[in-house]
Structures are given as structure tokens and as C-alpha cells.
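Each remark here refers to the structure printed beneath this line.
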Amino acid sequence: MKTTLKNLHSTVEINHKGAELVSFKNKLNTEYIWEGNPEFWGKHSPILFPIVGTLKNNSFVYNDTTYNLLRHGFARDVNFQLISQTNEEAVFSLLANEETLKVYPFLFELQLKYTLIENELQIAYTIFNRDNVILPFSIGAHPAFALPKDFENYALAFDETENLISYQLENDLISDVTLEHETKENILPLTYSLFEQDALIFKNLKSKKITILENDIPFLRVTYDDFAHLGIWTKNNAPFICIEPWLGYSDTIYSNGNILEKEAIQFVEPKETFVCTFIIEIL
């Protein structure tokens with residue numbers, strides 16, 4: 001089942017499974033979200049919750065109990081409830097239940113709010129801690145943007161001068177190995193060779209906006225003021241690029257498995273709420 005948002009400038013479709021953005025078109029009917037061809041990657045823009053990336057041994061420890069939780073968590077694979085909708089806004093909800101408690105023993109509600117304003121889509125994540133204990137979590141976005149021309153026609157423009165250093169993965173975990181990526185005037189040309197070792201993972205960027213350039217012309221912008229970390233990813237020969245604002249990332253190779261001590265883990269106090277928002281803008 002899908003929900004549609006529409007105004008004079010653009011149209012958005014959201015799948016109730018995972019509350020996943022599956023389409024964002026301008027008034028000329030140009031599609032900006034990856035089609036989800038499973039030959040390359042069968043998703044469009046999954047939400048990563050309650051973890052981002054991979055846990056060591058696909059598990060974590062809480063109160064001396066071990067829980068198994070697979071890569072990127074479960075939210076992307078379950079049905080959300082549509083709890084409100086207008087022409088330009090929709091709110092989806094996922095509540096802790098018997099199945100989630102088996103792998104993540106916390107009482108939570110996760111809401112996704114999509115708000116369409118002209119050519120801009122605001123996506124807000126709200127985590128409600130319904131429990132009487134601190135709620136540890138990571139959350140991230142994974143939108144894949146369709147690139148209609150050859151991949152090398154595109155580049156990423158950062159809004160700040162960066163020393164672009166990414167962290168390499170070792171068995172899907174964050175290692176100590178880093179790579180420095182050369183930019184010119186804050187622009188990183190896209191080549192498939194950038195992703196030979198999987199995603200580019202940035203722990204600390206100054207930039208809070210990234211613009212995709214198509215033949216030096218601004219094409220689409222992602223703004224992520226509320227997110228501390230970033231992933232950039234594609235697959236070899238795939239006609240898309242993922243720009244992924246994150247709060248959290250995979251375990252490091254040194255992780256002891258304790259969820260409360262996980263590097264970059266976030267917390268919500270009992271009965272409190274956490275909100276973070278990012279924006280996709282068609283240019």
C-alpha cells in the first residue's frame with residue numbers, strides 16, 4: 001500500500017512497508033528516487049533503525065542478555081501505520097510489539113513525518129521512549145537518487161571546506177583504516193572506484209548540505225543539520241548514488257557488544273522524545 005503527497009511542483013509516494021520513500025517527481029514527471037531494480041539494489045530509501053550498519057556478531061548485550069539484530073535493524077522491513085495525512089503531509093507510526101521486543105527490548109514508538117513544500121521534501125524522525133529505562137538507538141536515512149546520465153557526469157558539492165577522510169570497513173565493522181579523498185573547490189567527482197571498498201563513511205564532517213551536480217549544474221540537494229555522521233554509497237555500474245545522514249554507524253572492530261557503550265549510540269531518557277529532520281530538495 002502506498003500514500004501519495006502532491007502539490008503544484010512535485011509528487012511523492014511512500015510505501016507503508018518501512019514507511020519508505022519510493023518516488024519523488026517534479027512537475028515534469030522526472031523521477032529522482034532510484035527505481036529499486038534488484039539487479040543492483042532492491043530498495044529505494046529505507047530507514048535504518050534501531051541500528052545503523054552492522055553489529056559485531058550481529059548481536060548486542062543489554063542487562064547481561066544477548067539479542068540478535070541484523071544489519072540496519074528491522075524498521076525497513078515492517079509495516080507502519082498511517083496515522084494522519086493531508087495533501088502535502090503524512091505521518092507513519094511503528095510501535096514496539098511482541099516481535100520487536102525479541103530483538104530490541106525497549107518500548108518505543110517511531111514516527112516518520114513527510115512534509116512536501118514546493119520542490120522540497122522534509123523527512124522528520126521522532127523516537128518516543130515509552131519505557132521507564134533509557135532507550136539506546138541509532139537512526140539513519142538511506143535514500144538512493146537516480147542518475148539518468150553516465151555516473152561520471154556527476155559530482156558532490158559540499159557546503160564547507162572539508163578534509164574528506166572516510167573510515168574503511170573490515171568484515172562490515174568500522175576499522176582504523178582511513179582514506180583521504182581529494183576535492184577541488186569542495187567538489188568530489190563521482191567515480192565507481194571510490195566505492196571499491198563499499199560505502200564512504202564519514203564520522204565528522206563540517207558540511208550539513210551536499211548538492212549533487214550533473215555536468216556542473218545543481219541537480220538535487222540533501223540538508224542534514226540534525227545528523228552527525230554520513231554515508232555515501234553506490235554499487236558498481238549502478239545508476240544511483242546514496243547520500244545517507246546518520247546518527248550512529250556500524251560497530252567498530254573493538255566493540256565489546258554492550259549497547260550502552262556502543263560508539264556513537266544515541267539515547268532518549270524515559271518518557272522523553274527525540275526528533276531529527278533532513279531535507280531533500282529538487283533543484
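Here the sequence shown is numbered in UniProt numbering, starting from 1 and rising by one per residue.
Cβ atoms here follow ideal geometry from the backbone N, Cα and C, with glycine treated the same way.
Residues bridged to residue i (per DSSP)
i           : result
residue 67  : 60
residue 115 : 89, 122
residue 154 : 214
residue 268 : 135
residue 259 : Paired residue(s): none; residue 259 is not in a bridge.
residue 241 : 145
Delimiting residues of the beta strand (DSSP E) encompassing residue i
i           : result
residue 25  : 20–26
residue 100 : Note, residue 100: premise wrong, no beta strand (DSSP E); alpha helix (DSSP H) at 98–103.
residue 221 : 217–223
residue 168 : 164–170
residue 176 : 173–181
residue 6   : 2–6
residue 14  : 10–15
residue 188 : 187–189
residue 281 : 273–282
residue 200 : 200–202
residue 359 : With the chain represented from 1 up to 283, any question about residue 359 goes unanswered, as that position is not in the structure.
Contacts around residue i, its chain only, beta-carbon distance under 8 Å, and the 5 residues preceding and following it disregarded
i           : result
residue 119 : 9, 10, 26, 281, 282, 283
residue 20  : 14, 43, 44, 45, 46, 47, 76
residue 146 : 31, 32, 33, 34, 35, 239, 240
residue 266 : 136, 137, 138, 139, 247, 248, 274
residue 22  : 2, 13, 14, 15, 33, 36, 44, 45
Option nearest residue i by Cα separation, candidates the options
i           : options            : result
residue 149 : 200, 111, 216, 199 : 216
residue 220 : 6, 230, 279, 237   : 279
residue 95  : 134, 109, 103      : 109
residue 155 : 213, 248, 54       : 213
residue 1   : 168, 78, 159       : 78
residue 223 : 121, 91, 71        : 121
residue 252 : 37, 64, 167, 144   : 167
residue 256 : 62, 36, 267        : 62
residue 233 : 12, 41, 23         : 41
residue 179 : 142, 235, 201      : 201
residue 50  : 29, 237, 111, 159  : 111
residue 85  : 259, 4, 183, 177   : 4
Same chain only: Cβ atoms within 6 Å of residue i, ignoring 5 sequence neighbours per side
i           : result
residue 194 : none
residue 53  : 249, 250
residue 17  : 79
residue 198 : 169
residue 272 : 129
Residue i, DSSP secondary structure in three states
i           : result
residue 48  : strand
residue 80  : coil
residue 228 : coil
residue 247 : strand
residue 55  : coil
residue 194 : helix
residue 75  : helix
residue 334 : The requested residue 334 is not part of the displayed model; the chain covers only 1 to 283.
residue 37  : coil
residue 209 : strand
Residues near residue i by beta carbon distance below 7 Å, same chain, minus five either side
i           : result
residue 161 : 186
residue 218 : 211, 283
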